[in-house]
Amino acid sequence: MDERKSGQLNHLDLWIRWKEHDDIEAKKKLIENHLSIVDYVSSRLAVGLPKNVSKDDLASNGVMGLIDAIEKFDYKRGLQFETYASWRVRGAILDGLRQGDWVPRSVREKAKKIEEAYQKLEQENMRGASDKEMSEFLGVSEKEFHQMLQDVSVMSLVSLEDPIREEESETRISVLVDEKAKNPDHKVNEFYLKEALAKGIEKLTDKERIVVSLLYYEDLSLSEIAEVMSLSPSRISQLHSKAILRLRGALDKQKGLLMQDH
Numbered sequence: 001m002d003e004r005k006s007g008q009l010n011h012l013d014l015w016i017r018w019k020e021h022d023d024i025e026a027k028k029k030l031i032e033n034h035l036s037i038v039d040y041v042s043s044r045l046a047v048g049l050p051k052n053v054s055k056d057d058l059a060s061n062g063v064m065g066l067i068d069a070i071e072k073f074d075y076k077r078g079l080q081f082e083t084y085a086s087w088r089v090r091g092a093i094l095d096g097l098r099q100g101d102w103v104p105r106s107v108r109e110k111a112k113k114i115e116e117a118y119q120k121l122e123q124e125n126m127r128g129a130s131d132k133e134m135s136e137f138l139g140v141s142e143k144e145f146h147q148m149l150q151d152v153s154v155m156s157l158v159s160l161e162d163p164i165r166e167e168e169s170e171t172r173i174s175v176l177v178d179e180k181a182k183n184p185d186h187k188v189n190e191f192y193l194k195e196a197l198a199k200g201i202e203k204l205t206d207k208e209r210i211v212v213s214l215l216y217y218e219d220l221s222l223s224e225i226a227e228v229m230s231l232s233p234s235r236i237s238q239l240h241s242k243a244i245l246r247l248r249g250a251l252d253k254q255k256g257l258l259m260q261d262h
């Protein structure tokens, strides 16, 4: 028997021992075997975060997400644990960042101002707003506008993970990438949100679309995307911020319409 197949069998044996017999040692072994997921996810999320956010803090929150994944995972369904755990770990890290209130109020206000400007200009002009139009609307130079985008880039990392409504667990990113987790109660809302998101994506520039695609569909980090596109990491960060703020505006507008209907 080859080593890989033997490893898979041992892996299954650990799941059986943990899930069927509450074997704590098997659970500990599963955690140890998958700590690399925490390191992988936390390292990627660390790119572009402020220096006051330590990687150790990200990792400790990630470990809590991994433990949660191991406790909730149903090995009998034949799903890939690594994929499931990655989302749980990512979610736990982002929750930790939110609870830590690591984004200053001034940055939140700046992001809201840019988001609202995109929403207003794109609604008026029925097309994507240029950097020049945005800077004129905000009363700043294009250089200052680019700096504003850089300042809010730390927020854009978690902005698509925010709940669509405060009382719901469904997030913007789940609408964007999760095709399997269908909730029948939200199908109508989901249809309109996806339609709004598709229209928002249409208004993105080619470069912004590529960044969103590589980040959320191909799972590349911002530094890897910079290498692929032959641009500086700060430029990629700006493109990402612009894309996310445009998409947030599109989804927030649709969210407002949905809430009016209820």
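Just so you know, UniProt numbering puts 240 at position 240 of the sequence shown, and the rest follows in order with no gaps. No residue lacks a Cβ here, since even glycine has one placed at the ideal position from N, Cα and C. The model shown is predicted, which means the values in this text are computed figures rather than measured ones.
Per-residue burial, W18 [other beta carbons within 10 Å of its own, 16 or more giving buried] = Position 18 of the sequence shown, counted from the start, is the residue given in the question as residue 18. Buried.
Within 10 angstroms of its Cβ, does residue 295 collect 16 or more other Cβ (buried), or is it exposed?
-> One cannot answer for residue 295 here, as it falls past the ends of the chain, which runs 1 to 262.
Compute the Euclidean distance between the alpha carbons of L251 and L12, then round it to the nearest angstrom.
-> In the sequence shown, the residue the question calls residue 251 occupies position 251. In the sequence shown, the residue the question calls residue 12 occupies position 12. In a straight line, the C-alpha of L251 is about 41 Å away from that of L12.
Indicate whether A111 and V152 have their beta-carbon atoms separated by less than 7 Å.
-> By 1-based counting over the sequence shown, the position of residue 111 is 111. By 1-based counting over the sequence shown, the position of residue 152 is 152. In this structure, V152 lies closer than 7 Å to A111 by Cβ.
For the candidate residues Y118, R88, A198, H146, whose alpha-carbon lies nearest to that of Q238?
-> Taking the sequence shown and counting its residues from 1, one reaches residue 238 at position 238. With distances taken between Cα atoms, Q238 lies closest to H146.
Distance between F73 and K113 (C-alpha atoms, nearest Å) = For the purposes of this step, residue 113 is taken as the residue at position 113 of the sequence shown. For the purposes of this step, residue 73 is taken as the residue at position 73 of the sequence shown. Cα to Cα, K113 sits roughly 41 Å from F73.
Compare the C-alpha of L204 against each of S130, S60, K27, D95 and name the closest.
-> Along the sequence shown, one-based indexing puts residue 204 at 204. The candidate whose alpha carbon is nearest that of L204 is S130.
How far does the alpha helix (DSSP H) with Y84 in it reach, from first residue to last?
-> Mapped onto the sequence shown, residue 84 falls at position 84. Here the alpha helix (DSSP H) through Y84 covers 81-99.
Assign M126 to one of two classes, buried (16 or more other C-beta atoms within 10 Å of its C-beta) or exposed (fewer than that).
-> On the sequence shown, position 126 is the one that residue 126 refers to. When all chains shown are included, M126 counts as exposed.
Secondary structure of K203, DSSP reduced to three states | Translated into the one-based positions of the sequence shown, residue 203 becomes position 203. If DSSP states are grouped into helix, strand and coil, K203 belongs with coil.
CA-to-CA distance, A26 to residue 263, given in whole angstroms = Past the edges of the chain, shown from 1 to 262, lies residue 263, and the structure says nothing about it.
Report, in whole angstroms, the separation of the C-beta atoms of A46 and L58, which I expect to be a contact under 8 Å.
-> On the sequence shown, position 46 is the one that residue 46 refers to. On the sequence shown, position 58 is the one that residue 58 refers to. With 8 Å as the limit, A46 and L58 qualify as a contact, their Cβ atoms being about 6 Å apart.
Inter-residue Cα distance where the pair is I201 and H21 | Indexing the sequence shown from 1 puts residue 201 at position 201. Indexing the sequence shown from 1 puts residue 21 at position 21. Spanning the two alpha carbons is a distance of roughly 48 Å.
Evaluate Q119 with the Cβ neighbour count: other Cβ atoms within 10 Å of its Cβ, from every protein chain shown; 16 or more gives buried, anything less gives exposed.
-> Within the sequence shown, numbered from 1, the residue matching residue 119 stands at position 119. When all chains shown are included, Q119 counts as buried.
What's the call for K182, buried or exposed, on a 16-neighbour Cβ count within 10 Å?
-> Along the sequence shown, one-based indexing puts residue 182 at 182. Caution is warranted here: a pLDDT of 47 is assigned to K182, below 50, making its placement in the model unreliable, and the coordinate value is therefore given only provisionally. By the 10 Å Cβ count, K182 comes out exposed.
Note down, in chain order, each residue of its chain lying with its Cβ closer than 8 Å to the Cβ of S141, except the 5 sequence neighbours on either side.
-> Counting from 1 along the sequence shown, the entry for residue 141 is found at position 141. So the qualifying residues of the chain are S135.
Taking K242 and L97 to be in contact with their CB atoms under 8 Å, please state how far apart those CB atoms are, rounded to whole angstroms.
-> Position 242 of the sequence shown, counting from 1, holds the residue named residue 242. Position 97 of the sequence shown, counting from 1, holds the residue named residue 97. About 21 Å; that fails the 8 Å criterion.
Do you know offhand how far T171's Cα is from L14's?
-> Reading the sequence shown from its first residue, position 171 is the one you call residue 171. Reading the sequence shown from its first residue, position 14 is the one you call residue 14. Low confidence applies here, because T171 scores a pLDDT of 48, under 50, leaving its location unreliable; read the following figure in that light. Going from the Cα of T171 to the Cα of L14 covers about 32 Å.
What does a CB cutoff of less than 7 Å around I16 pick up in its chain, not counting 5 residues either side in sequence?
-> The residue you call residue 16 lines up with position 16 of the sequence shown. Closer than 7 Å at the Cβ level, and outside the excluded window around I16, lies no residue.
In angstroms, rounded to a whole number, what distance separates the CA positions of H34 and G62?
-> The residue labelled residue 34 in the question sits at position 34 within the sequence shown. The residue labelled residue 62 in the question sits at position 62 within the sequence shown. Rounded to the nearest angstrom, the two C-alpha atoms are 11 Å apart.
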